[in-house]
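Novice:
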Amino acid sequence: MMPEARGKEAEGAREKPKLSLVGVTKTFGQQAVLRGVNLDASKGEMVCLIGPSGSGKSTLLRCINLLEPIDEGFVYLDGEDISEPGLKPGPIRRRIGIVFQSFNLFPHMTALANVTLAPRRIHGRSEREMRPAAEALFTRFGLGDHLDKYPDQLSGGQQQRVAIIRALAMQPEVMLFDEITSALDPELVGEVLDVLRQLREDGMTMVIATHEMAFARDAADRVCFIDEGVIAEQGPPEAIFAAPKNRRTQSFLRRVLRRGGVHEAP
Amino acid sequence: MNRREKYEARQRRWSILIAAASTIATLAAIVILVPMAPGWSRVQQSFFSGEVFLKTLPKMLEAFLVDIAIFAWSTPLIAIVGLAAALARSTRSPGLFPLRVFGTIFVDVFRGVPVVLVIYLIGFGVPGLGLPRPWNSPYIWGTVALVLTYSAYVAEILRGGIDSVHPSQRAAGISLGLSESDVMRYIVLPQAVRRVVPANMNMLIALQKDVALLSFIGPVEILRQAGVYKSLLANFTPYVVAAVVFLAVTVPATRYTDYLMNRQNDARS
Numbered sequence: 001m002m003p004e005a006r007g008k009e010a011e012g013a014r015e016k017p018k019l020s021l022v023g024v025t026k027t028f029g030q031q032a033v034l035r036g037v038n039l040d041a042s043k044g045e046m047v048c049l050i051g052p053s054g055s056g057k058s059t060l061l062r063c064i065n066l067l068e069p070i071d072e073g074f075v076y077l078d079g080e081d082i083s084e085p086g087l088k089p090g091p092i093r094r095r096i097g098i099v100f101q102s103f104n105l106f107p108h109m110t111a112l113a114n115v116t117l118a119p120r121r122i123h124g125r126s127e128r129e130m131r132p133a134a135e136a137l138f139t140r141f142g143l144g145d146h147l148d149k150y151p152d153q154l155s156g157g158q159q160q161r162v163a164i165i166r167a168l169a170m171q172p173e174v175m176l177f178d179e180i181t182s183a184l185d186p187e188l189v190g191e192v193l194d195v196l197r198q199l200r201e202d203g204m205t206m207v208i209a210t211h212e213m214a215f216a217r218d219a220a221d222r223v224c225f226i227d228e229g230v231i232a233e234q235g236p237p238e239a240i241f242a243a244p245k246n247r248r249t250q251s252f253l254r255r256v257l258r259r260g261g262v263h264e265a266p
Numbered sequence: 001m002n003r004r005e006k007y008e009a010r011q012r013r014w015s016i017l018i019a020a021a022s023t024i025a026t027l028a029a030i031v032i033l034v035p036m037a038p039g040w041s042r043v044q045q046s047f048f049s050g051e052v053f054l055k056t057l058p059k060m061l062e063a064f065l066v067d068i069a070i071f072a073w074s075t076p077l078i079a080i081v082g083l084a085a086a087l088a089r090s091t092r093s094p095g096l097f098p099l100r101v102f103g104t105i106f107v108d109v110f111r112g113v114p115v116v117l118v119i120y121l122i123g124f125g126v127p128g129l130g131l132p133r134p135w136n137s138p139y140i141w142g143t144v145a146l147v148l149t150y151s152a153y154v155a156e157i158l159r160g161g162i163d164s165v166h167p168s169q170r171a172a173g174i175s176l177g178l179s180e181s182d183v184m185r186y187i188v189l190p191q192a193v194r195r196v197v198p199a200n201m202n203m204l205i206a207l208q209k210d211v212a213l214l215s216f217i218g219p220v221e222i223l224r225q226a227g228v229y230k231s232l233l234a235n236f237t238p239y240v241v242a243a244v245v246f247l248a249v250t251v252p253a254t255r256y257t258d259y260l261m262n263r264q265n266d267a268r269s
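As they're listed, the protein sequences go chains A and B.
For what it's worth, the numbering used here labels the leading residue of the first sequence as 1, then goes sequentially.
For what it's worth, the numbering used here labels the leading residue of the second sequence as 1, then goes sequentially.
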């Protein structure tokens, strides 16, 4: 982890964005899922994507880390076009971590083996030499006793934290989170969101698709409302939640907040 | 004992009673009715002669060692060839397209032809080329026939296992920057192989029986040995001996497979 003081960069002058999407489109068959998305994330910024189900949040994240090829537009990482068709995806994916809604841990490996598999194969490091560093990460995220357990011996919240550590183990420059608390029991959501807050303190650049409105309001640097494949409105959380300008943002927030989403922070 | 437990105990006693009664009735019917058939004494003489059974058993067991040997060296070969064929069929890379076609043809051909026919064609055909001494052995070409046939089945089972691993596992692997081959080797294949263990156990049981088919092309294994004794003693009991020997191996193996399969179902539910 990089213990850089956050804020300096996030609030600093308009420098080159860490991650930048320009006019990204993506269709599945006849269905246009992304219809020209423009999005910048500065170094150390936490961007939250909100919006109705099926609005394209997940697809957007999967496009950023090249799990889905985009049709048109550009994705820049540190100013480098990573959406160029034909580029070798492996080295780019190593720089962009992603965590999924359903954890996707490897069920036949211990938590530690899950975390060390990619560094072992890609950097040729051994599990033994990685163990101390991994142990520190596990302990930091409250999993100190669980290195040698298998995924099915862990709760959903613990599994999701292992999945986050697994992505962090490749020391990515950007982290993407795809509704990582949606599959969790309500009482486990908090422990996972706390991890995101800690990463924010570390100065990690993050793009987070989420339904946790309270979290987006309290923790995000910027909130983007995605609807029908475009970013319909974006701004600081106070502006989006207190005074949304777009009609669709207003109606979306009315619908979600009526369910009591924003009142108690998890 | 609470009320429910008392009720269940009563039910259990009833079930045991009914099962015991029907078993005894069935056995009694067989023991009484079958010997009443007109040809029973002759059948008993030529199929169930205790004297012949005991006399032929030692040599038959010895011949069965040949079956076990053929089975033992075929199994690892089947695992290797089957895995190779499954991987060939699962490859996505366009450069390996010919491999995929070859894998498909291989599987289609050897699953589509009866085992006996493959054994005849390869077992008689290849030595017919006039190969020098060790290379015309029916053991070699019989083994090749079995390996080809069973690899085709095992390949399909494995491919089913590979397909059954959820795509999100692959996504998780490549999102970490792992290569496709690493994802296959460390993430997909270990899960796939575990899932198809029971199905492959069934294949092994079938193989154990089909080894006897090699008797058609020469090796003196248990079935052929039984044939020799039949001619020698003019009695069919050796065939019953062979059946008993096979059952002694396959029944425990089948039970064990069922146990594995149940355990897997329990784990998944």
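Ideal Cβ positions, reconstructed from N, Cα and C, are used throughout, including at glycine.
(1) Restricting to runs no shorter than 3 residues, where is the beta strand (DSSP E) found entirely within the segment 181-227 of chain B?
(2) Where DSSP assigns a beta bridge to residue 81(A), which residues make up the other side?
(3) Mind checking the segment 163-177 of chain B against chain A and listing, in chain order, the residues whose C-beta falls within less than 7 Å of any C-beta there?
(4) Roughly how many angstroms separate the alpha carbons of residue 61(A) and residue 82(B), rounded to a whole number?
(5) For residue 202(A) versus residue 55(A), is the C-beta distance shorter than 9 Å?
(6) Counting only C-beta atoms, is residue 170(A) closer than 9 Å to chain B at any point?
(7) Indicate the three-state DSSP secondary structure (helix, strand or coil) for residue 114(A) in the structure shown.
(8) With a cut-off of 9 Å, does the C-beta of residue 187(B) fall near any C-beta of chain A?
(9) Return the first residue and the last residue of the beta strand (DSSP E) that residue 40(A) is part of.
(10) Taking the straight line between their C-alpha atoms, what separation do you get for residue 176(A) and residue 249(A)?
(11) Flag this pair as touching only if the segment 218-226 of chain A and the segment 29-47 of chain A have three or more C-beta atom pairs under 8 Å; answer yes or no.
(12) How about residue 21(A) and residue 64(A): do their beta carbons lie closer than 9 Å?
(13) Let me check understanding here. Comparing Cα to Cα, which of 69(B), 161(B), 87(B) lies closest to residue 139(B)?
(14) Considering residue 269(A), what are the terminal residues of the beta strand (DSSP E) in which it resides?
(15) Step through the CB atoms of chain A and report whether any lies within less than 9 Å of the CB of residue 93(B).
(16) Should residue 50(B) be labelled buried (16 or more other beta-carbon atoms within 10 Å of its own) or exposed?
(17) Is it a yes or a no for the segment 234-243 of chain B touching the segment 111-121 of chain B, going by three-plus beta-carbon pairs under 8 Å?
(18) Would you mind reading off the limits of the beta strand (DSSP E) that contains residue 175(B)?
(19) Taking all protein chains shown into account, decide if residue 5(A) is buried (16 or more other Cβ within 10 angstroms of its Cβ) or exposed.
(20) Would you please verify whether the beta carbon of residue 264(B) is less than 9 Å from any beta carbon of chain A?
(21) Within 8 Å, do at least three Cβ pairs link the segment 117-135 of chain A to the segment 193-204 of chain B?
(22) Counting C-beta neighbours from all protein chains within 10 Å, is the total for residue 13(A) 16 or more, i.e. buried, or is it exposed?
(23) Identify the contact partners of residue 179(B) in chain A, using a Cβ-Cβ distance below 9 Å as the criterion.
(24) Strictly under 9 Å for the Cβ-Cβ distance: is residue 177(A) near chain B by that measure?
(25) Out of 35(A), 18(A), 235(A), 204(A), which one is the CA nearest neighbour of residue 73(A)?
(26) How is residue 171(A) classed by DSSP in three states: helix, strand or coil?
(27) Let's see if you can read the secondary structure: which residues bound the alpha helix (DSSP H) around residue 194(A)?
(28) Can residue 39(A) and residue 234(A) be called in contact, C-beta distance under 9 Å?
(29) Tell me the DSSP secondary structure of residue 228(A) in three-state form.
(30) Can you round the beta-carbon distance between residue 66(A) and residue 95(A) to whole angstroms, since I take them to be within the 8 Å contact cut?
(31) Check whether the segment 173-186 of chain B touches the segment 198-208 of chain B, counting contact only when three or more Cβ pairs, one atom from each stretch, lie closer than 8 Å.
(32) Assign residue 277(B) to one of two classes, buried (16 or more other C-beta atoms within 10 Å of its C-beta) or exposed (fewer than that).
Specialist: According to the structure shown:
(1) Listed in chain order, there is nothing to give.
(2) 76(A)
(3) If the cut-off is 7 Å between Cβ atoms, the segment 163-177 of chain B has 168, 169, 171, 172, 174, 175, 176, 177 near chain A.
(4) 38 Å
(5) no
(6) yes
(7) helix
(8) yes
(9) Element bounds for residue 40(A): 31-41.
(10) CA-CA distance, residue 176(A) to residue 249(A), rounds to 23 Å.
(11) yes
(12) yes
(13) 69(B)
(14) There is simply no residue 269(A) to check, as chain A begins at 1 and stops at 266 in what is shown.
(15) no
(16) exposed
(17) no
(18) First-last for residue 175(B): 167-175, but that is the alpha helix (DSSP H), not the beta strand (DSSP E).
(19) Low confidence applies to residue 5(A): its pLDDT is 47, below 50, so where it sits in the model is not reliable enough to give any reading.
(20) Taking 9 Å as the CB threshold, residue 264(B) stays off the interface with chain A.
(21) Using a Cβ-Cβ distance cut-off of 8 Å, the segment 193-204 of chain B and the segment 117-135 of chain A are not in contact, since fewer than three pairs of beta carbons, one from each stretch, lie closer than that value.
(22) In this prediction, residue 13(A) has a pLDDT of 46, which is less than 50 and means its spatial position is unreliable; what the coordinates show is noted afterwards. Classification for residue 13(A): exposed.
(23) 90, 121, 122
(24) no
(25) 35(A)
(26) coil
(27) 186-202
(28) Against a cut-off of 9 Å, the Cβ pair of residue 234(A) and residue 39(A) comes out as a contact.
(29) coil
(30) That pair is no contact at about 11 Å.
(31) no
(32) Outside the modelled stretch of chain B, which goes from 1 to 269, sits residue 277(B), for which no answer is possible.
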